[in-house]
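Each residue of the sequence shown is one higher than the one before, counting from 20 in this note's numbering. Virtual Cβ for every residue (Gly too), placed ideally from N, Cα, C. Accompanying notes for the structure given below.
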Amino acid sequence: MTHLRRSILFVPADKPERIEKAATLSTDVVVIELEDGVSPENKEFARMEAGRKIEQMDFGNKEVALRINRISTLHGLEDMKAMAKWVKKPDLVLLPKVESAGEVRIYDDLISQMKAELEFMVMIESSRGILNAAKIVSASPRVSCLALGVADLSAELGSQMSWDAMFAHRASMVLACGLTGIMPIDSPYLNIRDETGLLKECKKVRELGYTGKLCIHPSQLAPVNGAFTPSAEEVARSRRIVKAAETHGTGALMLDGKMVDTPVIKSAQRIVEAVERLDLY
């Protein structure tokens with residue numbers, strides 16, 4: 020199934036009322052947070068609450084992701100052990116601070132032992148992760164999107180988080196995602212009161228090729244969804260491309276005097292499937 024992942028909202032698992040609230044909001048993905056958003060003394064409680072909510076709640080047409088702790092930590096091991104016991108699993112597991120393809124393969128092996136059909140959203144938050152992104156996206160077929168975290172990255176590099184300072188790193192993420200056709204997801208905009216700045220950044224990253232953005236507050240959902248929703252014109256053209264491809268068959272074709280090849284057709288198919296699923300147009 021094709022999903023729009025325009026808005027990805029983080030909610031701490033040790034605040035169950037926020038998980039319940041998130042299920043009523045317009046976010047495409049609810050990320051139940053076990054990592055940075057939960058203090059060490061609350062990890063066990065958060066783990067139990069995450070399991071309860073995932074198993075018992077109805078999130079409607081939203082995807083549910085679980086952000087676990089790194090597998091190299093005791094908390095990460097406990098997260099995986101807990102998830103293995105849940106009858107119902109999340110749709111996605113968000114892998115934090117990934118720096119190598121080997122890490123992804125470890126997660127893949129563990130999830131495979133659970134016989135769970137779920138995908139990975141991989142967070143890249145370091146220079147090592149950026150440099151290994153091309154290998155990371157190819158490490159497992161479960162990897163369906165790559166998310167950038169500029170706060171940790173800029174802290175490691177000693178750089179600013181400005182657009183110019185982060186442009187090259189954002190662009191490199193899109194290139195890596197292009198290797199396997201997965202979704203690039205942008206870092207959260209940290210000033211929750213600056214909607215103008217948020218919209219400006221959304222426009223820029225969408226032009227780069229990003230398909231969605233991490234969100235840290237419900238007030239960001241409407242602007243982000245609007246910025247990453249395909250326009251009526253884009254949808255209409257995508258439908259024409261899909262129809263022409265179905266008529267023409269495999270390979271490239273001409274439409275309105277322009278060549279349309281396989282990658283363009285696949286992109287059009289994703290847009291059409293996603294907007295029809297959400298009944299947007």
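query	result
For LEU233 and THR46, believed in contact at Cβ under 8 angstroms, the rounded distance	Actually they do not touch by this definition, with Cβ atoms about 11 angstroms apart.
Proximal residues to GLU9 (C-beta, below 6 angstroms), its chain only, five neighbours per side dropped	The requested residue 9 does not occur in the structure, where the chain is confined to residues 20 to 300.
Proximity test, ALA42 beta-carbon vs the ligand SAH heavy atom, cut-off 6 angstroms	You won't find the ligand SAH in this model; it holds no ligand whatsoever.
Residues near SER119 in its chain [Cβ-Cβ closer than 6 angstroms; skip 5 each side]	ASN151
Buried versus exposed call for ASP298 [16 or more other C-beta atoms within 10 Å across all chains shown]	exposed
Through-space distance from ALA287 to GLU36, alpha-carbon basis	38 angstroms
Endpoints, alpha helix (DSSP H) assigned at ARG25	It is not in any alpha helix (DSSP H) - ARG25 carries neither H nor E in the DSSP assignment.
Three-state secondary structure (DSSP) of ALA192	The sequence given here has Met at residue 192, not Ala. Note: MET192 maps to helix in three-state DSSP.
Distance between beta carbons of LYS116 and ARG89, contact taken as under 8 angstroms	6 angstroms
When ALA255, THR230, ILE260 are compared against ALA246, the one with the closest alpha-carbon	THR230
Per DSSP, the bridge partner or partners of ILE143	LEU167
Backbone secondary structure at PRO59 - three-state DSSP	helix
Straight-line Cα distance separating SER91 from TYR126	11 angstroms
Classification of GLY70 by the beta-carbon crowding that lies within 10 angstroms, buried from 16 upward	buried
Distance, PRO282 Cα to ALA264 Cα	12 angstroms
Unbroken alpha helix (DSSP H) run spanning PRO203, endpoints	From DSSP, PRO203 is part of no alpha helix (DSSP H) but of the beta strand (DSSP E) over 202 to 205.
CB contact flag (SER145, GLU175, <7 angstroms)	yes
Outcome for GLY177 when other beta-carbon atoms lying within 10 angstroms are tallied against a minimum of 16	exposed
Proximity below 7 angstroms, CB of VAL106 to CB of GLU74	yes
Identity of the residue in MET142, VAL254, LEU93, ILE284 nearest THR266 by Cα	ILE284
Secondary structure of MET133, DSSP reduced to three states	coil
With 16 other Cβ atoms within 10 Å as the buried cut-off, status of ALA41	buried
Start-to-end residues for the beta strand (DSSP E) that takes in LEU113	111 to 114
First through last residue of the beta strand (DSSP E) which encompasses GLU82	82 to 86
Boundaries (first-last residue) of the alpha helix (DSSP H) holding LEU96	93 to 104
Burial state of ARG212, where buried means 16 or more other Cβ atoms lie within 10 Å	exposed
Short Cβ contact (7 angstroms threshold) for ILE87 with VAL50	no
One or two residues paired with LEU272 in a DSSP bridge	VAL279
Three-pair Cβ contact test at 8 angstroms for the stretch 183 to 191 versus the stretch 212 to 222	no
Three-state secondary structure assigned by DSSP to VAL117	coil
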